[in-house]
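Its first residue numbered 0, the sequence shown is counted upward by one per residue in numbering that gives the first Met the number 0.
From the three backbone atoms N, C-alpha and C, an ideal C-beta is built for every residue, glycine too.
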Amino acid sequence: MASLSPPQLRPPSPPLTHQQNRWSLDDVIGPEHCIEPFYFQDAPEQVAENFERLLSRDVFSEADAQFLYDWLLDRGVSPAFRAMLDCWLEDELKHYQALRRCYHALAGVSYGEMDREATHRAKKRNIEPIADLLVDEFSILLLLAYDEIGSTYSYRRDLAEFYQHFGRAIAKVGQHLVRDEGQHFSNAAELILSLYPDRLQDVPATLVRFDQREKQLACTGSYHGTFFLDHAQEQARFPKDFNAITMQVIEARLGIAALPGQDKLKRLWQWKPEGRAFVPVA
Ligand SMILES: [Fe+2]
Ligand SMILES: [Fe+2]
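1) Ligand 1 and glutamate 91: does any heavy atom of the ligand fall closer than 6 Å to the residue's C-beta?
2) If we call anything under 7 Å between Cβ atoms a contact, is proline 292 one with alanine 276?
3) Locate the alpha helix (DSSP H) running through lysine 123, then write down its first and last residues.
4) Nearest by alpha-carbon distance to glutamate 147: which of Gln182, Lys122, Arg120 and Ile126 is it?
5) When you compare each of Pro128, Asp262 and Gln269 to aspartate 229 by their alpha carbons, which one comes out closest?
6) For threonine 118 and phenylalanine 59, what's the separation of their Cα atoms in angstroms?
7) Can you confirm whether the region 130-148 touches the region 188-195 when touching is taken to mean that 3 or more C-beta pairs between the two stretches lie within less than 8 Å?
8) What's the C-alpha gap between histidine 94 and aspartate 69?
9) Taking contact to mean at least 3 C-beta pairs separated by less than 8 Å, is the region 204-220 in contact with the region 131-138?
10) Using a Cβ-based criterion (distance less than 6 Å to any ligand heavy atom), does histidine 164 qualify as near ligand 1?
11) So does the region 92-111 actually touch the region 31-42, counting three or more Cβ pairs closer than 8 Å?
12) Would you mind working out which of Leu192, Thr151, Leu24 and Ala47 sits nearest leucine 140, comparing C-alpha positions?
13) Give me the Cα-Cα distance between phenylalanine 80 and arginine 155, rounded to the nearest whole angstrom.
14) Looking at the structure shown, is glycine 166 part of a helix, part of a strand, or coil, going by DSSP?
15) Taking just the CA atoms, how far does phenylalanine 237 sit from tyrosine 152?
16) Measure the alpha-carbon distance for serine 77 versus serine 23 and round it to whole angstroms.
17) When the Cα atoms are used, what is the spatial distance from glutamate 91 to aspartate 197?
18) Excluding sequence positions up to five away, which residues of its chain have a Cβ less than 6 Å from the Cβ of aspartate 179?
19) Considering only residues of the same chain and omitting the five flanking positions on each side of leucine 158, which have a CB-CB separation below 8 Å?
20) With distance defined between alpha-carbon atoms, name the residue in Gln200, Tyr162, Glu273 and His17 nearest to methionine 83.
21) According to DSSP, simplified to helix, strand and coil, what is asparagine 242?
22) Rounded to the nearest angstrom, how far is the Cβ of glutamate 160 from that of valine 278, given a contact under 8 Å?
23) Does any heavy atom of ligand 2 sit closer than 6 Å to the C-beta of histidine 183?
24) Candidates Glu61, Ala243, Glu48 and Gln247: which alpha carbon is nearest arginine 121's?
25) Rounded to whole angstroms, what is the Cα-Cα separation between glutamate 116 and lysine 214?
26) What is the rounded straight-line gap between the Cα of proline 259 and the Cα of arginine 266?
27) Could you give the residue range of the alpha helix (DSSP H) that holds aspartate 69?
28) Measuring only the C-alpha atoms, how far is leucine 105 from asparagine 125?
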């Protein structure tokens, strides 16, 4: 006999707008991965030292994702953003672990030492320098898109200049980083389109504010450890028009500008200072 009870009313599920590049960390690189000595001998001069310096920062920038996630949940986010953030955090913490393994293999830094450094850096966190940019969910999503597209091209360059010289496992980590960060950018853009279509006219001016703030932060040479605008610490490693082009990429993804030409997009990760074989890490 058919049930006479009324149909259960369920709250609407958030729209599933996010996608995830799924990969297993342990399948790609183990915690005690060893880089064969010939890779160090074959790598171009100074590449290993510069890669080491790069990882000594990037490892911890990835860990900052947990702080940002906690801060956002504390502030309150929409169900759709929360669903996307859960996948995002899973990826970012995987990046943290992956980079720890790369750093350990490349430079021999112990995991205990990295834990101590992470604790030390956590004490210096300060969201104050960017708090006024995080005025509403639209701005936060746009800042996330801004950061993730920067990370995508930054890792694309690092893959070509560093990761690919130290064997398959390290190169594979670099490839997944590029893919994941690109997906994070795309997911943030999709959420803006689905949740805040009426705010698209605010995108260009808001992006200009992000760019200006990043340049100000770069002048002070400090990174505040909150995940956002982490590229402020390495402005010298990008071509001068990096932000202008990535901002146009964001606008194009949101359907309010044309995509920059292929030559400009390639320059985002292929640019090098004159006379250099790669972009040095200060
Ligand atoms: Fe990441
Ligand atoms: Fe990301």
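According to the data block:
1) The sequence position of residue 91 within the sequence shown is 92, counting from 1. Yes, ligand 1 has a heavy atom inside 6 Å of this Cβ.
2) This structure leaves residue 292 out entirely; the chain is present only between 0 and 281.
3) As a position in the sequence shown, residue 123 is number 124, starting the count at 1. Unbroken run through lysine 123: none, as it is neither H nor E.
4) For the purposes of this step, residue 147 is taken as residue 148 along the sequence shown, with counting starting at 1. Among Gln182, Lys122, Arg120 and Ile126, the Cα nearest to that of glutamate 147 is on Gln182.
5) In the sequence shown, counting from the first residue as 1, residue 229 sits at position 230. Looking at the Cα atoms, Pro128 is the closest of the given residues.
6) Here residue 118 refers to the residue found at position 119 when the sequence shown is read from its first residue. Here residue 59 refers to the residue found at position 60 when the sequence shown is read from its first residue. Those two C-alpha atoms are separated by around 10 Å.
7) yes
8) Here the question's residue 94 lines up with position 95 in the sequence shown. Here the question's residue 69 lines up with position 70 in the sequence shown. Taking the straight line joining both Cα atoms gives about 18 Å.
9) yes
10) On the sequence shown, position 165 is the one that residue 164 refers to. No; taking the cut-off as 6 Å, the Cβ of histidine 164 has no heavy atom of ligand 1 nearer than that.
11) yes
12) Numbered from 1 along the sequence shown, position 141 holds the residue referred to as residue 140. The option with the nearest alpha carbon to leucine 140 is Leu192.
13) Numbered from its first residue, the sequence shown carries residue 80 at position 81. Numbered from its first residue, the sequence shown carries residue 155 at position 156. Their backbone Cα atoms lie some 26 Å apart in a straight line.
14) The residue labelled residue 166 in the question sits at position 167 within the sequence shown. Looking at glycine 166 - three-state DSSP - the assignment turns out to be coil, as it is neither helix nor strand.
15) One-based indexing of the sequence shown puts residue 152 at position 153. One-based indexing of the sequence shown puts residue 237 at position 238. Each residue's Cα considered, the two are about 10 Å apart.
16) Here residue 77 corresponds to residue number 78 of the sequence shown, with the count starting at 1. Here residue 23 corresponds to residue number 24 of the sequence shown, with the count starting at 1. In a straight line, the C-alpha of serine 77 is about 29 Å away from that of serine 23.
17) Position 92 of the sequence shown holds residue 91. Position 198 of the sequence shown holds residue 197. When rounded, the distance between both Cα atoms is 30 Å.
18) Within the sequence shown, the letter at position 180 stands for residue 179. Contacts found: Asn20 and Asp90.
19) If you number the sequence shown from 1, residue 158 lands on position 159. So the qualifying residues of the chain are Ala170, Gly173, Gln174, Leu176 and Val177.
20) Along the sequence shown, read from residue 1 onward, the residue named residue 83 stands at position 84. Cα-wise, what sits closest to methionine 83 is His17.
21) In the sequence shown, the residue the question calls residue 242 occupies position 243. Looking at asparagine 242 - three-state DSSP - the assignment turns out to be helix.
22) The residue labelled residue 160 in the question sits at position 161 within the sequence shown. The residue labelled residue 278 in the question sits at position 279 within the sequence shown. Their Cβ separation, rounded to whole angstroms, is 7 Å, which keeps glutamate 160 and valine 278 in contact under 8 Å.
23) Within the sequence shown, numbered from 1, the residue matching residue 183 stands at position 184. Yes, since a heavy atom of ligand 2 falls inside the 6 Å radius drawn around the Cβ of histidine 183.
24) Position 122 of the sequence shown, counted from the first residue, corresponds to residue 121. For the sequence presented, residue 121 should be read as alanine rather than arginine. Closest option to alanine 121, Cα to Cα, is Glu61.
25) In the sequence shown, residue 116 corresponds to position 117, counting from 1. In the sequence shown, residue 214 corresponds to position 215, counting from 1. Roughly 26 Å between the two C-alpha positions.
26) As a first step, residue 259 must be located in the sequence shown, where it is residue number 260. As a first step, residue 266 must be located in the sequence shown, where it is residue number 267. If I take the Cα positions, the gap works out to 11 Å.
27) On the sequence shown, position 70 is the one that residue 69 refers to. Element bounds for aspartate 69: 46-74.
28) The residue given as residue 105 occupies position 106 in the sequence shown. The residue given as residue 125 occupies position 126 in the sequence shown. Taking the straight line joining both Cα atoms gives about 30 Å.
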